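For reference, the structure is listed below as structure tokens.
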Amino acid sequence: MLNNLESDEGILKSSKYHLKDIITAVINSSTFIDTLTQQMQTIFDGLNIRINEQDEHMKRLTKKIDELDNIVVKQSEMIAVMKACSEKIQKEETGIKDKLNHLEQYDRRLN
Numbered sequence: 000m001l002n003n004l005e006s007d008e009g010i011l012k013s014s015k016y017h018l019k020d021i022i023t024a025v026i027n028s029s030t031f032i033d034t035l036t037q038q039m040q041t042i043f044d045g046l047n048i049r050i051n052e053q054d055e056h057m058k059r060l061t062k063k064i065d066e067l068d069n070i071v072v073k074q075s076e077m078i079a080v081m082k083a084c085s086e087k088i089q090k091e092e093t094g095i096k097d098k099l100n101h102l103e104q105y106d107r108r109l110n
């Protein structure tokens, strides 16, 4: 019986050391997980800052593109007006040339 008690005591001591090793491993892994979580959070925070910066940059670019679109529309409108004016001037020139030819012919008949 004494032999059984000594054997049980040895098993308990061995179990105690194994339990300490397990607890130490759990604490170490918990610390590692906490450190890893903090590092991941730092990375995500940095990424969110960068994403927000890119979002602001895209908003500025979109605003500039809209401004350029407005300029193009205004230029297109100006070109259309200039084209219409040019056509009107050409018609008036043609009309003046026709009248001038008619007057020259009339003048020749009179002379």
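Its first residue numbered 0, the sequence shown is counted upward by one per residue in numbering that gives the first Met the number 0.
Note that CB positions come from ideal geometry on N, CA and C, so glycine has one too.
None of these values were measured; they are calculated from a predicted model.
In this structure, the straight-line span from the alpha carbon of threonine 36 to that of isoleucine 48 is close to 18 Å. Short of 8 Å from the beta carbon of leucine 18, and not among the five residues preceding or following it, lies no beta carbon of its own chain. The beta carbon of isoleucine 70 is closer than 8 Å to none in its chain, skipping five residues each way along the sequence. DSSP places asparagine 51 within a helical segment (H, G or I) once states are collapsed to three.
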